[in-house]
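Colleague: For the sequence shown, the residue numbers in my numbering are 73 to 329.
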Amino acid sequence: MNIISFDDKRIANGYAKDRPWLHKSVIERIKSECNINKPFKNGLDVGCGAGLSTKALKLICEKITGTDISGEMIHVCKTLYNTPEFTFYTAKAEETRIPETPYDIVTAAGVVNWVDKNKFLQNMKSVMANNGLLIIYDFWISDKMLENDDYTNWYQNLYLTNFPKLPRNEEIWHQEDMPDNFTIEKQIDYQLKYEYDIDSFIRFMMLQSNVNTQINIGHKTKTEIHSWMKDTLNPIFQNKNHTLIFNGYTWICTLRL
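1) Buried or exposed: where does residue 290 fall if 16 or more other Cβ atoms within 10 Å of its Cβ makes it buried?
2) Among all the DSSP beta bridges, which residues are the ones paired with residue 128?
3) Less than 8 Å between the CB atoms is what I'm expecting for residue 253 and residue 185, so what's the real figure, rounded?
4) Ends of the alpha helix (DSSP H) at residue 300?
5) List the DSSP bridge partners of residue 267.
6) Using the Cα positions of residue 310 and residue 81, report the straight-line distance between them to the nearest angstrom.
7) Using beta-carbon positions only, say whether residue 178 and residue 115 come within less than 8 Å of one another.
8) Using only CA atoms, which one of 147, 106, 180 lies nearest to residue 165?
9) Please name the residue or residues paired with residue 245 in a DSSP beta bridge.
10) Would you mind sorting residue 267 into buried or exposed? The rule is 16 or more other CB atoms within 10 Å of its CB.
11) Hey, quick one: how far does the beta strand (DSSP E) through residue 186 stretch, first residue to last?
12) Do residue 227 and residue 215 come within 8 Å of each other at the CB atom, strictly closer than that value?
13) Check the DSSP bridge columns for residue 117 and list the partner residues they point to.
14) For residue 85 and residue 212, what's the separation of their Cα atoms in angstroms?
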């Protein structure tokens, strides 16, 4: 995939300000599922974006390294998380540098749709400690809002028509396809909820890869898209807040060398 949709100052700043911090709920679920009762020492957040997933990993880990393919995202991270506990650098998910101390936990949020799976896992094998945890997770908007069927119609018949979903690898990992030493311990599906007013929802939607692609290829301008969303969503929100449903999953894997 061309990363121009993500390597943009507007997108990087928007990720930091306007994406919901649902990563915290995911990490809390992982903490419960894995019976984590003390913090990990050294963690890696692959594809850290603007740092929301890195901040979430810090809840269960003392020292964190965040990497992302986008230099703009890393710049935002270094600005927001400028403390000794955090280190950031630009790198592909498949090209994480070998650290001085192997990572005992790795998270990859919204990453595996875009990577070469085998190269990524071989790279993780070289940077992780024995018995280290590899946490793969993602969550994404659905066509559902609580008690708001009009949103479903808007999403299916207006939004996706104007902003088609980008092709991506949506393979579900299975144990028989994993390289030696990696074991899939659990695979969990769930839903998350987040409340929006119309303006915060539009700011969030303006960050979607579907939308960014249309802007980048010149089919629509940011102003045109914002106006279209305002006009078509006003009858749906009607000056009220509404709760959006996110679908999500977590895969918990262990490396045993």
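For each residue, glycine too, the CB sits at the ideal point set by N, CA and C.
Modeller: According to the data block:
1) When all chains shown are included, residue 290 counts as exposed.
2) None; residue 128 has no bridge partner.
3) Going by Cβ atoms, the distance from residue 253 to residue 185 rounds to 23 Å, so no, they are not a contact pair.
4) Per DSSP, the continuous alpha helix (DSSP H) segment holding residue 300 begins and ends at 294 to 309.
5) Per the DSSP secondary-structure output, residue 267 pairs in a beta bridge with 315.
6) Roughly 32 Å separates the two Cα atoms.
7) Yes, they are a contact pair.
8) The shortest C-alpha separation from residue 165 is found at 180.
9) None, per the DSSP bridge assignment.
10) By the beta-carbon neighbour count (other beta carbons within 10 angstroms, threshold 16), residue 267 is exposed.
11) Following the DSSP letters along the chain, one finds residue 186 in no beta strand (DSSP E), marked with neither H nor E.
12) Yes. Within cutoff.
13) Answer is 138, 179.
14) Distance between the alpha carbons of residue 85 and residue 212: 19 Å.
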